[in-house]
Structures are given as C-alpha cells and as structure tokens.
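These notes concern the structure reproduced below.
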Amino acid sequence: MQKQALPQKQREYDNHPVIDSKRWEAITKRPDDIIISTSYKAGTTWMQTIVANLLYQDGEFPQPVSTMGPWLDMNGPPLEMVAAGLEAQTDRRFIKTHLPLDGFHYHPDVKHIVVGRDGRDVFMSLWNHHSNYTDGMKEGMVDFAKSIGREFPVGIEDIKDFWRMWMARSWFDWESDGFPYWSHLHHVQSWWDYRHLPNMEFVHFADLLADSESEVRRLAAYLEIDLQEDKVPGILERISFGSMKANFDNIMADAKQVWKGGGDAFMNKGTNGRWRDVLCTDDLKLYDAAVAKALTPECAQWLEHGGPV
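Here the sequence shown stands for residues 52 to 360, numbered as in the working numbering.
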C-alpha cells in the first residue's frame, strides 16, 4: 500500500471485543489536543499519567487520569458518555488510542505521542493482562465474539500456547500476528512511517525507564508546556512505578471491574527482559520472522533498543 503525503484512514478496526475505530467519529478534535498511541502494554497508562502531571503540575487532577484522557476506541463504555465527558472539558485534552495509524483520522494540528516497547516485553505484560480478567470481562468479550461468529479465547493456561497464537495468527485480515488482539508490530510501523511529521513524537519504554526526567522534559518541550522547576520532583515521584501502583485509583478508578486484583494486577512489574526466562530459541525464531515481515530495519532497531527518532 503506497504511503500518502499525510496519513489517511484506510481501514476500520471493528468487529472486535475490545476495539472499535468508528468511535472516533463521535468527537471533534481540537487543535491543542494530545493523542497518546500505543498498540497495548507498551506504556500507555504511564504516558497518560505523565501528560496529566504536565498539564496539572501540582498533581491535583480534576478526575482520574483514565477519565480525563479516555481510551476512546475501547469497545465497551457507552460512547455518548465518553464523548460528552470529552466535550465538557475546558482545559487542554489528552486522549488515548490503541489504533494503528491506518485506522485513525490524522489531524495536522493535533500533537501525537507514540510509545514503543520491545514486542517480547509487550507480550509478557499482555499475558498478565489477559490472564487476570474478571469473570464479567471474560464473559462480555466471549459473548461479543460469538455474536459475530468468532472466538475470543480466555482460558489459555500455557504461556507458550498464548505466545504461538499471538505470533502466528491475526484477528484482522491485513495483519499477520497479534491474535486475539491486533498486531503490535503493524501498529508501530504504521506510525513510524510518518515519524518525520512535526506533530509526531516517539517515546520508548526503555528510555522512560532509564531516564524519566529527561523524557519528561523532552515531552514538555514538545507539547509546549512550561515546566515549573519546583514541581519537577513531585512530578517524577508521581509517575514512578511505586507511586502509580499505590495511587492507582487516581489513575484508573474502574480497574477492579476489568482485572482481578485491580491496579495490583494491571501494574504488574514495570520491567523489561522477563521474556528471557520464558521464551526459548524456537519461540524467538517466530518473533524474528514476524518482525522481518512487519517492520522496516530502522523501525525494528528502534522498537528493540529505543533511542532518538
């Protein structure tokens, strides 16, 4: 598919228990909006919390982070309620998406932040995420899939079975991996192709781990936010893993409805490299093959190692 001068929406990511790209039709983007995009489990909630702390540098949020900056394309919450909540906001807005760029209406005045993470680390976090759904969440996703003649597996007990499924199957016909969700690899490549645009900023999970302060300062400059020096220590404390886990109700108040254990399950480890103790040589060959198929060499290098874009 030929790349356009500017991104164009080309596909619908719908008919899925979790995601529906058509939900973006319910809102009108504002020129100062901030869009945060990852495939999933790559640091989306961390980035939402960082942006919230840049906009409200005293840490006094008017609402929980996930309410202020909702995941608009999540198939589930009443769309009218989510859209009305965004429309009612008078301060600068930030909105979360898990859509690849080919399923998203690009706006040239909106600031986009794309967060990347090594796919093997994403998988380890996704396994924890998928394995800890509440019974109500599992029932809802299974029933939705059945209503469209599909199956959404929720009873997988072996992490290797989940890995092979995630690597070798796809939910959407134009992807080749990611089942039963969507492709982490296709997602990042779709945004990477337009990294030259001035309203695209790429942040890597590993760089956030290595030097949170530098990344926060870089983001503040990109978003044209005046960072108050006396507020920086408080911001860095509130975006730390320990603080986010301890105060997760201020970030995602409804987590207990989605995961057994709520925030404790969602905020699992916050580390990289755990896949080294799980995935064998044959498993990694599957990953290498998927990367070679979906990513350009430059994108693959960044996704694995991070660094400036």
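All residues carry an ideal CB built from backbone N, CA and C; glycine is no exception.
Cut-off 6 Å between Cβ atoms - residues of its own chain near residue i, not counting five sequence neighbours on either side
i, result
"residue 316", "Its pLDDT being 49, under 50, residue 316 is placed unreliably in this model, and the coordinates cannot settle the point."
"residue 61", "153"
"residue 68", "192, 195, 196 and 203"
"residue 303", "117"
"residue 351", "342"
Candidates the options, of which the one nearest residue i by Cα
i, options, result
"residue 322", "106, 159 and 255", "255"
"residue 235", "82, 108, 354 and 84", "354"
"residue 63", "101, 225 and 270", "225"
"residue 274", "215, 138 and 164", "164"
"residue 160", "278, 285, 347 and 249", "249"
"residue 100", "352, 290 and 360", "290"
Cutoff 9 Å: residue i Cβ touching any chain D Cβ
i, result
"residue 331", "In summary, chain D is missing from the structure at hand, where a single protein chain is found."
Contact set for residue i: own chain, Cβ-Cβ below 8 Å, skip 5 residues either direction
i, result
"residue 112", "103, 119 and 301"
"residue 188", "308, 309 and 310"
"residue 288", "294"
"residue 73", "63 and 65"
Sequence-distant residues of its chain with Cβ nearer than 7 Å to residue i (five each side left out)
i, result
"residue 344", "227"
"residue 169", "323, 354 and 355"
"residue 210", "178 and 329"
"residue 374", "As displayed, the chain neither begins before 52 nor continues past 360, which places residue 374 out of reach and without an answer."
"residue 326", "171, 172, 174 and 175"
Opposing strand residues paired with residue i [DSSP bridges]
i, result
"residue 122", "147"
"residue 88", "148 and 165"
"residue 70", "125"
"residue 255", "167"
"residue 184", "310"
Contact check, residue i vs residue j, beta carbons under 9 Å
i, j, result
"residue 213", "residue 242", "no"
"residue 221", "residue 150", "no"
"residue 262", "residue 358", "no"
"residue 156", "residue 80", "yes"
"residue 145", "residue 78", "no"
"residue 338", "residue 58", "no"
"residue 231", "residue 195", "no"
"residue 305", "residue 176", "no"
"residue 299", "residue 166", "no"
"residue 142", "residue 105", "no"
"residue 147", "residue 95", "yes"
Contact test: residue i Cβ vs the ligand MG heavy atom, cutoff 8 Å
i, result
"residue 71", "As presented, the structure is devoid of all ligands, the ligand MG included, so that no description of it is given."
The region 285–297 contacting the region 123–141, beta-carbon criterion three pairs below 8 Å
Because the criterion of three Cβ pairs below 8 Å is not met, the region 285–297 and the region 123–141 do not touch.
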